[in-house]
Each structure stands twice: as C-alpha cells, then as structure tokens.
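Undergrad: Quick one: the structure is below, and I'll ask about it shortly.
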Amino acid sequence: MKRHIEGIQTYLHSGSTDDLSNRIEVLRCVIDDILLAMIDPVERRCGYLHLYGVSQACALIALKRNENVELATMAGMLHDLYSYQAMHTEKHAKHGAILARQILEGLSITSQEETDIICSAVRHHSSKKKIHSPFDEVLKDADVLQHYLYNPMFPVMAHERERLERVLAELSIGGRRNRDDI
Ligand SMILES: [Fe+2]
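Residue numbering for the sequence shown follows this note's numbering, beginning at 1 and increasing consecutively.
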C-alpha cells in the first residue's frame with residue numbers, strides 16, 4: 001500500500017511519464033523548461049500557478065461542454081507562456097499564438113488542424129468581451145475561472161465579472177461568500 005501511494009506521489013510531483021505518446025506530458029516538459037528558466041522566483045511561481053491552473057480549468061470546462069479535453073489542456077498550458085517568457089504582456093495573445101505554433105510544430109505532436117485550433121484559442125483569449133468558437137471560449141472562461149479561484153476573496157476584475165457569472169452558473173456553483181462581491 002505504501003509503495004502504491006509513493007508511486008502516485010512520485011508521478012504527481014514529477015509529472016513524468018514513460019508514455020511519450022501522452023501529448024500533454026510531452027508539452028509539459030517544454031512548458032516546465034521555460035518556466036524553470038525564469039530568473040524571478042515570484043514570477044515563476046505565478047507562471048506555474050496560472051498556466052497549469054488555467055490548463056486544469058480548461059480540462060474541467062471542456063469535459064463539461066464536450067469539447068476536446070486534450071487540446072484544451074494543452075491550450076491552457078500554452079496560453080500565457082509568451083508573457084512569462086518575455087516578461088511583458090503587450091500583444092501577448094498574438095505573440096503567444098506564434099510561440100504556441102512554434103512549440104507545437106517543433107514537437108510534431110499535433111496535426112495541422114489541431115495546431116490551428118489551439119493557436120486560435122491562444123490568439124483570441126484576451127478578447128473576453130467577444131464570442132469566438134466554442135473551443136476558443138473554453139480557454140477564455142478557464143482564464144477567468146482561474147483568476148477567481150486563485151483567491152476567491154479578491155475582488156473580481158470588472159471586465160471579467162459577466163463571464164465569470166456565466167461560468168459559475170453553468171457549473172452550478174452559487175456558493176460564493178457574497179454575491180455582491182462579484
Ligand atoms: Fe491567462
């Protein structure tokens with residue numbers, strides 16, 4: 001029993017897998033390399049929390065909506081990578097889509113169509129006031145949900161309130177500390 005638990009912990013903590021056909025884990029190695037190269041430990045922590053937090057939220061929402069959970073998880077991991085690598089957010093969605101394409105094409109783990117789907121979501125993820133494809137919307141909603149879950153006691157940014165309300169309602173979540181806080 002103890003060895004079994006240790007095995008699970010080792011897997012969960014290292015994120016490693018011998019199954020190189022698992023595309024999420026192949027991509028995770030690249031994401032980790034970029035994040036680990038960040039000099040500022042505070043920014044590095046933010047990068048890990050946000051990219052993998054959004055990635056998990058993407059998985060949750062994609063499962064809920066019957067969207068492609070594997071591609072959604074990968075899109076979440078990639079979506080703000082440019083910002084953390086370049087250490088600025090100017091036009092980061094556009095640059096992020098370019099970086100995502102470079103990474104995916106370099107890894108050769110996605111088809112052209114899959115690469116386009118992921119890069120479209122990254123490209124559009126900052127346009128929270130607009131509605132794009134259902135897959136694009138998974139990433140936008142995951143981004144907003146992660147911002148909220150990082151610390152539910154923080155005030156929600158004005159431009160994310162409406163979208164967050166919709167996502168929480170969709171997930172049948174109504175137990176916030178105070179409805180007026182959103
Ligand atoms: Fe983000």
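Every residue, glycine too, gets a C-beta built ideally from N, C-alpha and C.
1) Under 9 Å, do M157 and Y84 count as touching if we go by C-beta distance?
2) Can at least three beta-carbon pairs, one atom from the stretch 90-110 and one from the stretch 65-80, be found at a separation below 8 Å?
3) Using the rule of at least 16 other Cβ atoms within 10 Å of the residue's Cβ for burial, across every protein chain shown, is G96 buried or exposed?
4) What three-state label does DSSP hand M77 in the structure shown?
5) Around ligand 1, what residues have a beta-carbon under 5 Å from a heavy atom of it, in chain order?
6) Can you list, in chain order, the residues of its chain whose CB lies under 6 Å from that of H132, leaving out five sequence neighbours each side?
7) For L171, which three-state DSSP category applies?
8) Here's the rule I'm using: 16 or more other beta-carbon atoms within 10 Å means buried, otherwise exposed. How should S21 be labelled?
9) Please state whether the Cβ-Cβ distance between C119 and A100 is less than 9 Å.
10) According to DSSP, is F135 part of a helix, a strand, or is it coil?
11) Can you round the beta-carbon distance between E164 and Y148 to whole angstroms, since I take them to be within the 8 Å contact cut?
12) Can you tell me which of V144, F135, E160, H50 puts its alpha carbon nearest to the alpha carbon of R65?
TA: Let me lay it out:
1) Start at 1 with the first residue of the sequence shown, and residue 157 comes out as number 157. Start at 1 with the first residue of the sequence shown, and residue 84 comes out as number 84. No. Outside cutoff.
2) Under the Cβ criterion (8 Å, minimum of three pairs), the stretch 90-110 counts as touching the stretch 65-80.
3) Sequence index remark: in the sequence shown, residue 96 carries index 96 (1-based). With 16 or more Cβ atoms within 10 Å of its Cβ, G96 is classed as buried.
4) Counting from one through the sequence shown, the residue named residue 77 turns up at place 77. Collapsing the DSSP output to three states places M77 in a helix.
5) Here the list is D80, D143.
6) Here residue 132 is taken as the residue at index 132 of the sequence shown, counted from 1. The beta carbon of H132 sits closer than 6 Å to the beta carbons of H124 from its chain, once the five residues preceding and following it are set aside; these are given in chain order.
7) Taking the first residue of the sequence shown as position 1, residue 171 is located at position 171. Note: L171 maps to coil in three-state DSSP.
8) Here the question's residue 21 lines up with position 21 in the sequence shown. The residue is exposed, with fewer than 16 neighbouring Cβ atoms inside 10 Å.
9) One-based indexing of the sequence shown puts residue 119 at position 119. One-based indexing of the sequence shown puts residue 100 at position 100. Result yes, Cβ atoms of C119 and A100 sit closer than 9 Å.
10) Looking up residue 135 in the sequence shown gives position 135. Secondary structure at F135: helix, using DSSP grouped into helix, strand and coil.
11) As a position in the sequence shown, residue 164 is number 164, starting the count at 1. As a position in the sequence shown, residue 148 is number 148, starting the count at 1. For the record, residue 164 in the displayed sequence is Leu; it is not Glu. About 6 Å separates the two Cβ atoms, so the contact holds.
12) Stepping through the sequence shown from its first residue, residue 65 is reached at position 65. Residue F135 is the option with its Cα nearest to R65.
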